[in-house]
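Data block below; observations after.
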Amino acid sequence: MGIFLQWSIIGSIKHGGSFDDGRVLTVMEDRAKKKIDRVRAMLIKRPGFFQCPVCQSPMFVDAHHNMACADGHNFDFSKKGSLNLLTTATSAVYPRDLFAARHQVLGAGFYDPLIKELARSINTHPGTRKNVLDAGCGEGSNLYNIYQARGAMPGCFYVGADISKDSIQIAAADNADLMWCVADLARLPFCGQTFDIVLNILSPANYKEFHRILNQQGLVIK
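With the sequence shown counted from 1, adding 537 to any position gets you the numbering used here.
Here is the structure:
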């Protein structure tokens, strides 16, 4: 059924630099490859965690290193390791600059006390606390800050999902230790009972989907 906590929060992000030196570009390309490899390794350990947004079959990393289901639907990883799991094109609701500004504000530390309290709520939840989804994650600052505030948690898996491609690109550029995907909250691309915690901060909610993907002792923080 799940447990619900009510919180409010504000958010934001820092701009990446520009590079014009060929050697620096090579280093960045190597880092991008490592990001993709790291994400693939996380998902190889979790077959059937993601659900195909087309046919709802479990997905896995296939021989071509894409995410695929048994019915042949497949999705490529971006260079930054994120996945676009939308089945139809969507127009941008918010400009990219908004997410960049939000990232800067959240990165300034103004909301650290709230982040620490959210992390404490997760860590003291009586159920399992390993698989965490931020549904409507924006540019990822909240999830990444909670990930850092919780400290070393072996075996934990953090996923940020948002319908905005721009916001997920920003999130994936900075935070390679987490999984980021472009997804629709109306049809979340995850199999049933896969998550222990769902965060839904300053974002529309879909409680029917949250109920489906949470385990029986799951916690929703809204």
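Backbone N, C-alpha and C define an ideal beta-carbon position, used for all residues, glycine too.
Keep in mind it's a predicted model, so treat the numbers as computed, not measured.
- Counting along the chain, Asn660 sits inside the alpha helix (DSSP H) bounded by residues 649–660.
- Note that the region 593–610 does not touch the region 687–698; fewer than 3 beta-carbon pairs, one per stretch, sit closer than 8 Å.
- Between the region 744–758 and the region 722–729, the count of C-beta pairs closer than 8 Å reaches three or more; the two stretches touch.
- Note on Asp613: under 16 other CB atoms within 10 angstroms of its CB, so exposed under the neighbour-count rule.
- In the DSSP annotation of this structure, Leu725 is not part of any alpha helix (DSSP H), being labelled neither H nor E.
- Here the C-alpha atom of Ser658 lies approximately 14 Å from the C-alpha atom of Asn737.
- Counting along the chain, Asn668 sits inside no alpha helix (DSSP H); it lies in the beta strand (DSSP E) bounded by residues 668–672.
- Leu622 sits close to Ala720, with the two beta carbons spaced by under 8 Å.
- When the beta-carbon positions are compared, Thr624 and Val591 come within less than 8 Å of each other.
- Annotated as distal: Gly692 and Trp717, with beta-carbon spacing of 8 Å or more.
- DSSP, read as helix, strand or coil, puts Met579 in helix.
- For the pair Lys653 and Ala710, the Cα-to-Cα distance works out to about 24 Å.
- Of the candidates Gln588, Ser615, Ser594, Ile581, Ile581 places its Cα closest to the Cα of Ala600.
- Beta-bridge partners of Asn611 (DSSP): Ala605.
- Its Cα nearest to that of Gln706, the residue Cys674 stands out among Ala689, Gly688, Ile734, Cys674.
- Sequence-distant partners of Pro663 (beyond 5 residues in either direction) whose C-beta falls short of 8 Å from its own C-beta, in its chain, are Gln754.
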